[in-house]
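Chains as they are written, first to last, in the numbering used here: chain A, 208 to 827; chain B, 22 to 283; chain C, 219 to 480; chain D, 330 to 722.
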Amino acid sequence: MKAPASTSRPSLGSLLLKKQQRPFLGIDKQRAIRLFFASNSSVAIIVLVLIMLFLLREGMDFLPTYRHELETYRRAGLEFCDIINRPLAEHQALCSKLRRAASASLNTLTHTARTRRDAAYELMREVEEETRLQRAILSDALAQIPAASPEKLTRLRQEMRAATTLAAARLQTPAALTPEEGRRLQRELTLLNPEVPELPPLLAALSADYIRVDREAHATFKPLVDAVEAFEAAPDALHTLLDAMKKHARETKAHVTELHGSGKEPSHSKPVDFDLSIVPLTSGITELTAKVEEYTLLAQKTADTMPAAAGTPQAVALLAEMRARLPDHLAAMRQAAASLPAWSHSKPVSYLEVAIAFFLGDAWITNSSWQDFFGFVPLLTGSVLIALIAVLIATPFSVIAAIYTNQFASEREQEFIKPVIEFIQAIPSVVLGFIGISLLGDAIKGVSEWGWLQWIPSFPIQERLNMFNAACLLALMAVPTMYSLAEDALNNVPRSYLDASDALGATKLQTVFRVIVPAAKSGIAAAVLLGMGRVIGETMVVLLVAGNRIAIPDFSAGPGVVFQPAHTLTGIIAQELGEVSRGSAHWQALFMVGIVLFLISLLVNWCARAFVRRFELAKS
Amino acid sequence: MSADSTAKTTPPPVVQVRDMDFCYGASPALFGINLKVKYRRVTALIGPSGCGKSTLLRCINRMNDRVPSARVTKGEVLVKGKNIHDADVDLTQLRKQVGMVFQKSNPFPKSIYENVAYGLRIHGEKNKSVLDEAVERSLRQSALWDELKDRLNANALALSGGQQQRLCIARAIATLPDVLLMDEPCSALDPIATLKIEELMHRLAQEYTIVIVTHNMQQAVRVSDYTAFLHLGKLVEFAPTAEFFTNPLEKLTESYLRGTFS
Amino acid sequence: MAAETSVPASEEPLIQVEKFNYAYGDHQVLFDVDLNMHSKDVLALIGPSGCGKSTLIRSINRINDLVESARVVSGSIKIDGVDLYASNVDVINLRRNVGMVFQKYNPFPRSIFENAVYGLRVAGIKDRHDLEEAAERSLKSAALWDEVKDRLHEMATGLSGGQQQRLCIARAIALQPRILLMDEPCAALDPIATARIEELILQLRGQYTFVIVTHNMEQAKRIADRTAFFYKGKLIEEDDTMTIFNHPNDPLTESYITGRLA
Amino acid sequence: MNQPATANPFAGMKSRDALRETIVRWLLRLGTFFIVAVTVAILAHIMVKGAPVAFRSTWPFVNVQFLTELPSTLHVIEDVKGGRIEVEVNRADQVKAQLGDAFHSETTISYSGGGILGPIVGTALLVTVSISIALFLGVACAIYLSEYARHGNPLIEWVRLAILNLAGVPSVVFGLFGLGAFVLTAPVFVDVPADRSVFAIPLGFTTLSFEGWDTCVLSGGFTLAFVILPVIITASEQCLQAVPQGFRETSMALGATRWQTIRYSVLPFATPGILTSSILGIARAAGETAPIMFTAALAFKDKLPWQKDLPPLPADASIFAHWEQSVSRFLGIFTESVQALPYHIYTLAAKIPQNEYSERAQYGSVFVFLVLVASLAASSVLLRKRLRAKYRW
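Next comes the structure, spelled out in structure tokens:
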């Protein structure tokens, strides 16, 4: 095949020059296509900006709204009541300590009698439960109007009797009762009949015995019991006065809300005259102060007369603790009373105060008949604590797994381990949450009841759903992220380090732990951080498993704090957003939480990138 | 073992390769190599690329073991009289006593001090004063002490290329090896740094037995006492350097030398 | 340079490279290259790796524009008097008229037919008949027709290496370019396949202007009318192939063709 | 060999060190396999508890009822003999009548009866919508990043930064965003704008009002699309990068334009990979709960999205009217809120008491869900393996 003679073709030079282009919307086609893709590529940026925008749009008004609410709270005098009310809450805590001390002391004496009585009752309940159907039918028949035929009644009675006998025969004598008593009770229970209201004689006797012992115990620990009662009653007068004030304040507030709607400017109708409405409160300051003084004196007196001795060492400790905490409490009460005159309902609420109330507020109280508070701290503590525990659990395992697969595992092991760990990523978080509810919660609780583990603080645990449970599952979720990133980091360690270390006669282990892991450490740190980001942002697991108690965890429990339930930033949004009306302070508060979450995620990302960048610098 | 007998007789070769064949999988890389490395002398391995000189060097401390399928198929390698492929040879001990410096300087991303002390640390040395002493000694020997003594805790990666390579040498000699293997230690360096390393080799030769692979004929002339020429996996000629370059026995050697020096 | 004097004044060179400087970022790879290539000639570019010969050939059809940071520092390349790097040049048309064959044969994982007509398809030719005709013509030109005519619709990746490379040549000449650039077309092939490609080039000579980069000096001797020798980004010498190989002017050229310059 | 045997200068290390080496190796191995074991244990637990719900020991071996019925309230009717009958709400009265005197009591457990067809359909719809959007945007973005973008272009740096950050945004924040953007603000064509409309643009025949789409498949799908967008972009870019540079060069050398090169010699070879990787995106989208909580999902719905009461057409309605109605019925699917599997599981786990009756629905749903997601993930892994073997260039 010959190429056509060059004469028949246009000159090469002329071919190379640009022809007239068909313009497409003023730009040529290639540029248009390029622009199309470029605009699509900016979608990520646009989405990020939109996220921020929409979060801000819904959440931005939170501060003004919340400020308005807090202002109403102050104007209407609710804050005034809370000045006294808040320190008074400590009284409840002290009371409960006292009560626990008293009941522990009483328990030392009444324990046996009560156990015996309860055991007998338990037996009776068992029989009743077993024969529930027959008893119910008989009762129905008896209550029937017109009355059922005597034959039928007789038949029903017989059936009931037969069932009762059968049930009673199956009973086992509990350890608290002697076999003798057991047999007797069995016999008496055979006669159990809904038509006869009396208790079986033995049961009645046991009950009476318990009552007697209990009375004796009360006599023995009379000073203590009296002290409890006295302490409980100490603030009664104060409470009465305060309740009246609270009622008044609430009425004022209700009036305001009615007029204003939620946070909107008053439209028509006469605004509430706060100056007037506050008078009943401010005028009561003297009385209130007097009542507070009265209370402190009473409480002090009780504490002074209270015996130091109690039935058990635990009770003694409780008493001592109560005594130690009382002076602070009373001082706080007095101080609160002293600060009353300085309080003014007309003092404006500054934005700084609102911000502090949100970011440093220690209570998240919603749908309250008194006052809603949107304090961020309990949620943040929950989120951070859970994330920390999860990362603490996940980090060693993922790093170990990464080191093992990257450095030690055989090909076949790798082929098995990698897919399994990567598969964890595919497990939806809601499924893990469900596992936490259905399986892990009971498992952890069960383990915490094992005898030889009781040295662990706060074992046995109270709540099935708690932070630790959630953290375990979150750790599992974080493992694949951390694992694959850490493995990448290890993989990226230059081979020449390996050469050098090997040539110096290092063993495999030495090479790995002295050279490779240190060289990859910022990569691993980034992996951990990104895992943490994943964990903090996770919603379903914490919503289902963390227990959803909105309170700052009680750190006085030491490390055992992890077994307490908590609520989280993500969980609160998921749980409450569906139930609030748009535009309310609560709605806006939830969006504020969203904004903070968003910022946290950006921050975590930024930190991780900073680590990775350092890592890459170190490599080059 | 040979150190005490130097005065009387010529010491036995520290490294002895006998009739060795070496394969990567099915493809042979070295054939029938016989080589005796003299005690406290510098032996240079030269030859065109791919001739197997690096492979031969890596046979001496069994660095080739890490390549799967690479193995010695015939013959043996003796270091200090011991066949290093014997079952009772511990790799870490072998490599402790046969140090190696690589073509591309590869200090660890740690401090200068930790780099030099690394070899001792992994062999269980914990005593701080021993470590200090060893670090100072090896840095002095590698002519780095004066430059670096004030910043031993600086990151080694911050050093210049030539300093890094000398640091790698210091790291290798910190464990007092008997043999020092150098795999084209200057090929990644500029002439001035190269010169410093060569000077260093001269001095180190008084205390260590050195085997060096080089591309650079002049370098071999300058630093080595003995030169071995490899071609296509065979050891063509092995002779004292002066003789080797002035009066080569083999035609192949001659043409190789001429080709480069013309 | 020698090249200037030997050009007959009557014939205007097809490709003129004038004071061409080229760089990747800050790293300059071509320095003041002056080179004239004549219509229907076969020009071989030789030189050690990294000397810039591939860069030069890749800037003749501006395929190097795809490499990030690649840029012309100064100078120009003109084809038929048109400066390739001027703004009025249509790169697409340039590439349609300056075909290129790469070192690594890389047919698309499509059918042989689709590979052969790819250039035509993207040029907008849709007529089935035209395409078939062009495929047959180009495959015949590339001496591949007889081997593949029965399996035009099988995957091109199923062909042997040499066949794949010839398919790549067919693909390039399907567009009937005036100039054919070949970047080490035989580097990835065995000797027999290489021989067939060389044969093909000899067959096609006279129809196209060939610029061939090669590592293989024997190949240059066999196929090239003229040969240019590059060293470290500079054109050292350009002349008749016979002159270059028999009586090189420059000592560098000589040491390269005698194999001393690695 | 022929030398006198000397003391071994390279004697092995102390046995204690060797032991330590072994122990540490085993510790590492144990740690690794602990993770594997936990994973396997969880899966096995769900399998053991859930498989009996989804499968039957007799033909057709699959619990058809569970997979093809809508969820409903479960009624447990107890007769006087203590026997318990589980029935659905519609059959409860019938059973009670049958029992007559023998009827004793009745307990109801929400959501636990019937099957899970509604959630399955809802999840399928959400995933379809989200993956279509995400694939379109994601692949386009990846093409730009991989084919057009030049290093050092500030836009690219910003895009990459944004993708990284987007991947780290918590899914519940996406939910908030979806609520604010799609449910409450997205533009719709209506005749009379609602009060809450942000602003309305009158267009003459209708009004473009920014009043949101309400909770519906579309809102949820869009929200999910942005959740999985980073995954799709990253995966697609990797697939595009995996196409050899030689193809591009060859194509360009043959005079193809940039777009032709992408269209004919890059995209075709990257498509299988992109599709494979996007299966992972599907799995992710199917598994997310928080983003759809406020944007698409309902706890309970007794109708499938297309079972809508439209006014009956007159008998003599034109074919056009029929056609119009089916189109509006089809489009209506996307403006309905739906049940979704993950949200259904959340409801079952959090909103109803845990007992033996709710367990059936819980484990059944979890099992089916996990099987769906896992088979997606597994098929993506397998496909990738096979494709990698097939497309080796």
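Glycine included, every Cβ here is placed at the ideal spot set by N, Cα and C.
Since we're looking at a predicted model, the values are computed, not measured.
Distance, E278 of chain A Cα to H462 of chain A Cα: 14 angstroms
So, helix, strand or coil for Y242 of chain C, using DSSP? strand
Which ranges does the beta strand (DSSP E) cover as unbroken runs of at least 3 residues, wholly within the region 342-425 of chain C, from first to last along the chain? 397-401
Tell me whether the region 650-662 of chain A and the region 747-762 of chain A touch, counting them as touching only if at least three CB pairs, one residue from each stretch, are closer than 8 angstroms. no
Do G220 of chain A and G299 of chain C have their CB atoms nearer than 8 angstroms? yes
Is it buried or exposed, H275 of chain A, if we count other Cβ atoms within 10 angstroms and call 16 or more buried? Taking a 10 Å sphere around the C-beta of H275 of chain A, we find 16 or more other C-beta atoms and assign the residue as buried.
Kindly indicate the opening and closing residues of the beta strand (DSSP E) around E258 of chain B. K255 to P261
Through-space distance from R187 of chain B to I67 of chain B, alpha-carbon basis: 22 angstroms
Can you give me the start and stop residues for the alpha helix (DSSP H) that H275 of chain A sits inside? F269 to R282
7 angstroms Cβ cut-off: residues of chain A touching W487 of chain D: I252
Using a Cβ-Cβ distance under 8 angstroms, would F326 of chain C count as near chain D? yes
Quick check: what's the CA-CA separation for T437 of chain D versus L409 of chain A? 40 angstroms
Checking contacts by CB at 8 angstroms: is K322 of chain C closer than that to chain D? yes
Residues of chain A with CB under 9 angstroms from R713 of chain D, in chain order? By Cβ distance, chain A contributes nothing, its closest Cβ being about 11 angstroms from R713 of chain D, past 9 angstroms.
Measuring only the C-alpha atoms, how far is P671 of chain D from P400 of chain D? 14 angstroms
Do L558 of chain D and L495 of chain D have their CB atoms nearer than 8 angstroms? yes
Counting C-beta neighbours from all protein chains within 10 Å, is the total for H371 of chain C 16 or more, i.e. buried, or is it exposed? exposed
If we cut at 8 angstroms on Cβ distances, does V721 of chain A have a partner in chain B? First, the residue type needs correcting, since residue 721 of chain A is Arg and not Val in the sequence shown. Judged by the 8 angstroms Cβ criterion, R721 of chain A is in contact with chain B.
Give the straight-line distance between the Cα atoms of F259 of chain B and V247 of chain C, rounded to the nearest whole angstrom. 40 angstroms
For Y558 of chain A, count the other beta carbons within 10 Å of its own beta carbon; 16 or more makes it buried, fewer makes it exposed. Which is it? exposed
CA nearest to the CA of V710 of chain D, picked from A:G790, A:Q632 and A:S617: A:Q632
When you compare the region 498-508 of chain D with the region 607-627 of chain D, are there three or more beta-carbon pairs, one atom per stretch, that lie closer than 8 angstroms? yes
When you compare the CB of D109 of chain B with every CB in chain D, is at least one pair closer than 8 angstroms? Judged by the 8 angstroms Cβ criterion, D109 of chain B is in contact with chain D.
Could you work out which residues of chain B lie near Q717 of chain A, taking near to mean beta carbons separated by less than 8 angstroms? I143
Going by alpha carbons, who is nearest to A442 of chain C out of C:I454, C:G424, C:L453 and C:K452? Per the Cα distances, C:G424.
Shorter than 8 angstroms from the beta carbon of P682 of chain D to some beta carbon of chain A? no
Taking A682 of chain A as the reference, give the member of A:A650, A:D709, A:I723 and A:G640 with the closest Cα. It is A:G640 whose Cα lies nearest to the Cα of A682 of chain A.
Anything in the region 301-318 of chain C with a Cβ closer than 7 angstroms to a Cβ of chain A? List those residues in chain order, please. Hits within the stretch, in order: N306, V307, D308, N311, L312 and N315.
Would DSSP call H256 of chain C helix, strand or coil? coil
From what residue to what residue does the beta strand (DSSP E) around N306 of chain C run? If you look at N306 of chain C, you'll find it isn't in any beta strand (DSSP E); DSSP assigns it neither H nor E.
Name, going along the chain, the residues of the region 575-602 of chain A whose beta-carbon falls closer than 8 angstroms to a beta-carbon of chain D. none
Roughly how many angstroms separate the alpha carbons of T746 of chain A and G653 of chain A, rounded to a whole number? Between the alpha carbons of T746 of chain A and G653 of chain A lies a gap of roughly 26 angstroms.
When DSSP labels each residue in this structure, what does E236 of chain C get in the three-state scheme? strand
Taking just the CA atoms, how far does N755 of chain A sit from I371 of chain D? 24 angstroms
With 8 angstroms as the threshold, decide whether the Cβ of V225 of chain A is near any Cβ in chain C. The sequence shown places Lys at residue 225 of chain A, not Val. Yes, contact with chain C.
Take the Cβ of L647 of chain A as the centre, count every other Cβ of all protein chains shown within 10 Å, and call the residue buried at 16 or more, exposed below. buried
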